[in-house]
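Here the structure comes first, spelled out in structure tokens, and everything after it is commentary.
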Amino acid sequence: MSTINKLEIRGIRSFGVDRADVQQINFRPPLTLIVGQNGCGKTTVIECVKYGLTGEVPPGTNRGAGFVHDPKIFNTLESLGQVKLMVKDFTGNTVTAIRSMKITHKGKIPKFETMDSTITMENANTKEKITMTRSRVADINNEMCDAMGVLKAILNNVIFCHQEDSCWPLEEPKELKKKFDAIFGTSEYNRVIDKLIKMSKEMNDKLKDKLADVKVLQNIKSHAETKQLHLGNGEQKLSKLHENVSELESDIKPIQQKLEQLELVERQYSSLLAKKIELGSKIKGKQEQSQQLKSKIKKLFEGSLPELEVEIKMFQQTSASKHSELEEDESELHRMKSQDRSLQNKLQSLEGQKIEFAEKQKRWNVLDSALGSIRNALHKQDVDLKSKTKAFDEEDVRAQKNIDNLRETKATLESDCISKRKQIDQLTREKLQTSREVAEIERSAETLKRLIDEINRLEQEYETQVAAANLPAMRKDLGERKKFRDQLQTELDRLEERISSLDEMAIKEQELTLKEQQCTSRETELRRLRNKHADSLRRLFPDRTIESNYKSNLQTLFDDLQKEVKIVNEKIRRAQAIVTEMETTRKSKKAQLERLERDLSDAEEKIYSACRGNAYEDVLAKLNDKILKNNMEHGEARSAVVLYRKFIASIENESCCPVCDKGLERAEVHDVRSKLSDEIRKLPERIETLERSLAKDRGDYEKLLALKPISERLEKQKQELPLLEQQLQDTEKQLITASDELEEHQLAISEPTANMQLINTIVGDMSILDKLGIELERMKHGVDELRSQLGTRISEGVSIESLKAERGTLRTKLKAERNDVDKLQNTIDTKTEKLNKLQSRNNQMKSKKLVLQDSVQSLDQKRANVSELGVKITTMNGELQNAEQQLDPVKVQLQKELEQKQRTKEQNNRELQKMRKTLDGLRWEETEIVRKLGGDLVELATLNLSAELSRLQAKKEQVQQEQDQLKRTMECKANGIEALRKNIANQHLQERDLIDNRDLKRLIRETTDLESELAELLENMGKMEVGSVQKERNQLIDLRDGLQVRRSELKGQMGELQHQLNELRKELDRTEYRNAARNYVTTLSETVVQRKIISDIKKYRDALESALREYHTEKMHEINRTIFSLWRDIYRGNDIDYIRINTMDDGVAERSDRRRLYTYGVVQAKNDVEIDMRGRCSAGQKVLASLIIRLALAETFCSNCGVMALDEPTTNLDRDNIDSLCESLRRIVSEREGGHFQLIVITHDEEFVTKLEKFENYYRISRDREGKSVIKEEHL
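Quick note: the sequence shown uses the UniProt record's numbering, first residue 1, plus one each step.
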């Protein structure tokens, strides 16, 4: 069983928020007691346990704002609260939940919010711990309810019920029903039942719609079949017209071919004639071109055309070598000019450097002397500053050490003073409290005397009332009256039996008359029906006559006919199944064949579209290679950006090539950097181009990969196509054979079917005939029995009217006697209740007497405590004055030391500041010189200026000599180039003359070829007979036109018929006709399935309600049995024999649109008469009844949870009921002492506590001086 181990509270209601304010309770089986005064925080313990398990804040806390410690008490904006609860679940594992919350005051309305909660689970066997943090409160709530093994409603309403809600069993019926539904855990099942009811209703509505749709779809199906038949007839007619048109086209085709041959001959003649004209014009043009070329040529070439070609080629080679030589000389001259300019620039640069070095020599001497003097002064000032700083720091440390010693002495004395004051305040409050208790006890002594007098008076009054009531005599009289009442009741019962017997005989006489009339009417009806069906019976039974058992004979005949029909129907069914199977197979094979042909065509088209006639595998491999290549280029381009930038950074930093380590000038570095920067700017465009190409190629590659299954399936489909065509032919042959067999069986079944229809027509009346016959025999037998009974009846000699009059007299006497008994019983109850109240009041007075006697006995001890506390206070005041006298001189000395230290520190700081300003001025001068002239100083220091000037003069003279030599070489080269240009110009004229000779020889050869071709053409034109060809062509055209007219007429008919067929197809292609048969079958199937679903939902709902009803009945019986036992054991009054929870069913469970509902109410019973308890019971009875009901619910539903908490269980109870409750709780604890039972009792009634047993320790809750709740464990 699950139990609660430990609870820690911090920052909840009156419990403090500091770490030291955490309060803890260890719950021990079988009993944990928590006592304390009103308002000290006892109920907060139950609220915290309940919050730790269910996460629900108590009622009336403004949604939790009043549950956390109010931050206004400490003038803060927010306050934190925490509940830590450790439980042991029913498997033995330990579960610890930590829930934190916060309340914030940022405006007028406080804001309450929960923080993340933590749950830790420890395995009982392995001791392994698992910690989980839950941001959702519902998660940890479920975990804790699972650990306790009960529902959340049982934790809230039964085990840890809040004191304000403890009387919920006697609330309004609506609220009571909600709580019992939650306790039984039927809310989820009720939602399921409501959902099933809703589903059933929706299904019924859908079924109605489906049935209407079936009728509509059946009508559409018949229309579609009619249109399909018309379409088939039209297609057959269209096929015949197609055959006629094909015959005409076969006749037209040879005529058309002959006409095309004749047209070809005419076209050939026309082309030859055009070619003749063309050749003549070409020959004339060639001759004119030859004359023009002869006039241009200065010297005709005598050799052949090939020889001329060789001559031209040799001349062109010579000319090309001259041009090449000229270009080389010009390039050499240009290079020499560039070299001359470079030498000139070098001379100018050397002259400038020489002047610059002379200026630098002068500046170096001046700067070196100035910096030396500044640095010497700076070093001296720095040394003086460091020595002064060190001396001042040592002086400051000595002064601080004295101050620290004085502060330590002052803090010690102040701490002693504060401690003494707190102790004095504490002792003063204790003395005041004890003095108040002494005064209260002194007043209690006087009250005790008055109380003893009151007890004596009540005992005398009780004895007087007992003597005056004379209850034994009244109870004896009541017993005699009840005995007389029972005798009257027995006599009245005997009289009722006699009257009933006489009434029975009169009824039997009336029944005999009625049955004789019914026999006559049945005989008439029997004859009428037998005459009505005489012909039908003779037809069905020609060889015998039937007088009885009509239905049995018809049923036998019907069974024989049914067997015969069944045999034939089985043959028809098998034949129909074969026909249906063959038709289905034929349609399937045909559809499969068409689909295969369509898929084959689509696949070939897709492969062709993707590969353009090339092999699929080759295209795929080429595209893959292309993608790999582009990927490599794309990666190279991306990495080139980084490499180029590193190259640029390297040459800028080191001024040399990082590859070959060649030194680079600044201009070369700039050129390389510019070129690489241009390449970097171009790279993004190139990368983007490559990425677009890659994206396109990858898309094409993915499309090709998607076509791979199609390519593999294509070959397989080509092999399957011939097999499917052969299977379709075989299926059509089998279908014809099966259809013939079906028609033969349908003819054989007609006669038996007609007889069966006749039997079905009259079988209803035959059943009536049999029933009439049986009923007539039964009526006759009943009439005979009634006559025999009436014949043997013996008259009693007494009329029924006299017996009824005697019965009325007895009823009047019995009613009067009952009233007397009830009055006497009420009198006895009133006197008993009055005596019980006197006894109860006497018991209360005795309890108060015992309490006052205990307090009076402690008076002397309280007075001694007051004297002792006064002595302690005097001693502590003397010690406080001594400490304060020692503290004042220490404070004065400390203040003087602090002021002296501050003055010394300020003087030292002023002196150091003055020296630092001087030092900073020298440093600034040095920094300015170095900042402005630092670069020049470094450069001048690294240069050897005298040697550099000598080197520059020698280099200048060498460059001057090189420039003079270069100018002489350039002049010679310019003269050679001019002579070469003149030679090239003369060779160009000779080349033009040779080319004209070559063109002339070619024109002469082409003219000769054209003249020979023209002669051959004229010979071919003479062989063609153009006149006979034209005549034959005209005859064939007339014959062709006649056939085409007939074909046009047939095509017109075909067009009209095709239009009609298209209209029919459009009609059949409409949504309602296209799948009419399938839609009809589908909808019909859906209606069948819908009915089955509705039936299954009804069965499941009935089963679920039956299980819930049995579970509810069983649990309520167990609860009421426990309530009955507890009430008899605890309640000491005599006005209520027992109480129980009355459950009523609304009686609508069998209706299809509502579920079963239960209403609950607590009833009280007296003398087996039950009345509603709500509104009729006292406050004490209400508390006791609610407590007993909670104990019974816990006994019934908490098989896995051994915890029960009672918060102020004695509220409004008298002393007798308190004693009996205490006895019952002791018994409950004793019975469960060996197990894991855990009873938690919270009360302020310490007398009730002292009467409980089975505990050694208990917890007392009180408030400390600051008003915070404190929990202390005390021993008995």
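Cβ coordinates follow ideal geometry from the N, Cα and C atoms, glycine included.
Query - Chain-order list of residues whose beta-carbon lies under 7 Å from that of arginine 407 (same chain, five-residue window excluded) - result: To locate residue 407, count along the sequence shown from 1; it is residue 407. Closer than 7 Å at the Cβ level, and outside the excluded window around arginine 407, lie Leu894.
Query raised in the report: Going by Cα to Cα distance, which pick from Lys1251, Gly66, Ile1189 is closest to isoleucine 159?
Result: As a first step, residue 159 is located in the sequence shown; it is residue number 159 there, counting from the start. Closest option to isoleucine 159, Cα to Cα, is Ile1189.
Report task. Return yes when the Cβ of glycine 41 is within less than 8 Å of the Cβ of serine 1269, no when it is not. Result -> If you number the sequence shown from 1, residue 1269 lands on position 1269. If you number the sequence shown from 1, residue 41 lands on position 41. Closer than 8 Å, so yes.
Query raised in the report: Tell me which same chain residues have a C-beta within less than 7 Å of the C-beta of arginine 498, skipping the five on either side of it?
Result: Position 498 of the sequence shown, counted from the first residue, corresponds to residue 498. Here the set comprises Leu803.
Query raised in the report: Helix, strand or coil: which one does DSSP assign to cysteine 1201?
Result: To locate residue 1201, count along the sequence shown from 1; it is residue 1201. Of the three classes helix, strand and coil, the one that applies to cysteine 1201 here is strand, per DSSP.
Requested in this report: Please confirm whether valine 1162 and alanine 1192 have their CB atoms less than 8 Å apart.
Outcome: By 1-based counting over the sequence shown, the position of residue 1162 is 1162. By 1-based counting over the sequence shown, the position of residue 1192 is 1192. Result no, Cβ atoms of valine 1162 and alanine 1192 do not sit closer than 8 Å.
Query raised in the report: From glutamate 128 to methionine 121, what distance separates their C-alpha atoms?
Result: The count along the sequence shown starts at 1 and reaches residue 128 at position 128. The count along the sequence shown starts at 1 and reaches residue 121 at position 121. About 8 Å.
Query raised in the report: What is the rounded straight-line gap between the Cα of valine 783 and the Cα of glutamine 789?
Result: Looking up residue 783 in the sequence shown gives position 783. Looking up residue 789 in the sequence shown gives position 789. Valine 783 and glutamine 789: Cα-Cα distance of roughly 10 Å.
Query raised in the report: Thinking C-beta only, is arginine 99 closer than 8 Å to glycine 55?
Result: Locating residue 55 in the sequence shown gives position 55, counting from the first residue. Locating residue 99 in the sequence shown gives position 99, counting from the first residue. Cβ distance < 8 Å, so glycine 55 and arginine 99 count as in contact.
Report task. In angstroms with no decimal places, state the Cα-to-Cα distance between aspartate 765 and proline 752. Result -> The sequence position of residue 765 within the sequence shown is 765, counting from 1. The sequence position of residue 752 within the sequence shown is 752, counting from 1. The straight-line gap from Cα to Cα measures roughly 21 Å.
Query - Nearest neighbour of lysine 571, chosen from Pro472, Glu604, Lys1115, Glu741 [CA to CA] - result: Along the sequence shown, one-based indexing puts residue 571 at 571. Nearest of Pro472, Glu604, Lys1115, Glu741 to lysine 571, Cα basis: Glu741.
Requested in this report: Determine the extent of the beta strand (DSSP E) in which histidine 1275 is found, giving its start and end residues.
Outcome: The residue given as residue 1275 occupies position 1275 in the sequence shown. Its beta strand (DSSP E) spans residues 1269 to 1275.
Query raised in the report: Just reading off the beta strand (DSSP E) that isoleucine 1165 is part of, what are its end residues?
Result: Within the sequence shown, residue 1165 is the residue found at index 1165, counting from 1. Per the sequence shown, the amino acid found at residue 1165 is alanine instead of isoleucine. Where alanine 1165 is concerned, the enclosing beta strand (DSSP E) stretches over 1158 to 1166.
Query - Selected residue, minimal CA-CA separation from leucine 1064, among Thr226, Ser290, Leu1003 - result: Position 1064 of the sequence shown, counted from the first residue, corresponds to residue 1064. Among Thr226, Ser290, Leu1003, the Cα nearest to that of leucine 1064 belongs to Thr226.
Query raised in the report: Does the count of Cβ pairs from the segment 1113 to 1132 and the segment 1169 to 1178 closer than 8 Å reach three?
Result: No, because fewer than three Cβ pairs between the segment 1113 to 1132 and the segment 1169 to 1178 fall closer than 8 Å, the two stretches do not touch.
Query raised in the report: Out of curiosity, what's the CA-to-CA distance linking threonine 1071 and proline 254?
Result: Counting from 1 along the sequence shown, the entry for residue 1071 is found at position 1071. Counting from 1 along the sequence shown, the entry for residue 254 is found at position 254. Whole-angstrom Cα-Cα distance: 48 Å.
Query - Span of the alpha helix (DSSP H), counted from its first residue to its last, around lysine 111 - result: Taking the first residue of the sequence shown as position 1, residue 111 is located at position 111. It is not in any alpha helix (DSSP H) - lysine 111 instead sits in the beta strand (DSSP E) that spans 111 to 114.
Query raised in the report: Would you call valine 150 buried or exposed, if buried means 16 or more other Cβ atoms sit within 10 Å of its Cβ?
Result: For the purposes of this step, residue 150 is taken as the residue at position 150 of the sequence shown. With 16 or more other Cβ atoms from the protein chains shown falling within 10 Å of its own Cβ, valine 150 counts as buried.
Report task. Assign residue 1320 to buried or exposed, taking buried as 16 or more other Cβ atoms, counted over all protein chains shown, within 10 Å of its Cβ. Result -> The structure shown does not extend to residue 1320, since the chain is modelled only from 1 to 1276, so the question has no answer here.
Requested in this report: Enumerate in chain order the residues of its own chain whose CB-to-CB distance from proline 59 is below 7 Å, with the five nearest sequence positions on each side excluded.
Outcome: For the purposes of this step, residue 59 is identified with residue 59 of the sequence shown, where counting begins at 1. Cβ neighbours of proline 59 beyond the five flanking positions: His162, Glu164, Asp165.
**Report entry** Assigned secondary structure, isoleucine 1141 (DSSP; H/G/I helix, E/B strand, else coil)
**Finding:** Position 1141 of the sequence shown holds residue 1141. In the structure shown, isoleucine 1141 sits in a strand (DSSP, three-state: E or B).
Query raised in the report: Just how far apart, CA to CA, sit glutamate 516 and serine 767?
Result: As a first step, residue 516 must be located in the sequence shown, where it is residue number 516. As a first step, residue 767 must be located in the sequence shown, where it is residue number 767. Between glutamate 516 and serine 767, the C-alpha separation is close to 23 Å.
**Report entry** Range covered by the alpha helix (DSSP H) that runs through leucine 53
**Finding:** Residue mapping note: residue 53 aligns to position 53 of the sequence shown, counting from 1. Its alpha helix (DSSP H) spans residues 42 to 54.
Query - Inter-residue spacing [alpha-carbon to alpha-carbon] between lysine 431 and leucine 869 - result: If you number the sequence shown from 1, residue 431 lands on position 431. If you number the sequence shown from 1, residue 869 lands on position 869. Lysine 431 and leucine 869: Cα-Cα distance of roughly 6 Å.
Report task. Specify, as a first and last residue, the run of the alpha helix (DSSP H) that methionine 86 falls within. Result -> Position 86 of the sequence shown, counting from 1, holds the residue named residue 86. Not the alpha helix (DSSP H): methionine 86 falls in the beta strand (DSSP E), residues 78 to 88.
Query raised in the report: When the Cα of arginine 863 is compared with those of Thr412, His1244, Glu442, which residue comes out closest?
Result: Stepping through the sequence shown from its first residue, residue 863 is reached at position 863. Considering only alpha carbons, the answer is Glu442.
Query raised in the report: Taking all protein chains shown into account, do 16 or more other C-beta atoms lie within 10 angstroms of the C-beta of phenylalanine 15, making it buried, or fewer, making it exposed?
Result: The residue given as residue 15 occupies position 15 in the sequence shown. Label assigned to phenylalanine 15: buried.
Query - Closest Cα partner of aspartate 416 within the set Lys896, Ala883, Asp964 - result: Here the question's residue 416 lines up with position 416 in the sequence shown. The candidate whose alpha carbon is nearest that of aspartate 416 is Ala883.
Report task. Could you check which residue in Thr737, Ser601, Pro542, Ala591 has the C-alpha nearest to that of glutamine 576? Result -> To locate residue 576, count along the sequence shown from 1; it is residue 576. Of the candidates Thr737, Ser601, Pro542, Ala591, the one whose C-alpha sits nearest the C-alpha of glutamine 576 is Thr737.
Query - Spatial neighbours of threonine 96 in its chain, beta-carbon cut-off 6 Å, leaving aside the 5 residues before and after - result: Within the sequence shown, the letter at position 96 stands for residue 96. Excluding positions up to five away in sequence, the list reads Met86, Thr120.
Requested in this report: Have a look at Gln853, Thr114, Arg1002, Glu1274 and flag the residue whose alpha-carbon is nearest the alpha-carbon of serine 444.
Outcome: Sequence index remark: in the sequence shown, residue 444 carries index 444 (1-based). Of the listed residues, the one whose Cα sits closest to serine 444 is Gln853.
Query raised in the report: Which of helix, strand or coil does DSSP assign to lysine 106?
Result: Position 106 of the sequence shown, counted from the start, is the residue given in the question as residue 106. Coil, per DSSP.
Query - Option in Lys294, Arg916, Ile193, Lys111 with minimal Cα separation from lysine 380 - result: Taking the first residue of the sequence shown as position 1, residue 380 is located at position 380. It is Arg916.
Query raised in the report: When you compare only the Cα positions, how much space is there between leucine 704 and lysine 626?
Result: As a position in the sequence shown, residue 704 is number 704, starting the count at 1. As a position in the sequence shown, residue 626 is number 626, starting the count at 1. The straight-line gap from Cα to Cα measures roughly 14 Å.
Query raised in the report: Quick one, which of Ala748, Asp384, Gln839, Leu922 has its alpha-carbon nearest isoleucine 455's?
Result: Reading the sequence shown from its first residue, position 455 is the one you call residue 455. Of Ala748, Asp384, Gln839, Leu922, the smallest CA-CA separation from isoleucine 455 is found for Gln839.
Requested in this report: Give the C-beta separation of cysteine 1201 and methionine 1 to the nearest angstrom, bearing in mind that I take them to be a contact with Cβ-Cβ under 8 Å.
Outcome: Taking the sequence shown and counting its residues from 1, the one referred to as residue 1201 is at position 1201. Taking the sequence shown and counting its residues from 1, the one referred to as residue 1 is at position 1. With a Cβ gap of about 6 Å, cysteine 1201 and methionine 1 count as contacting.
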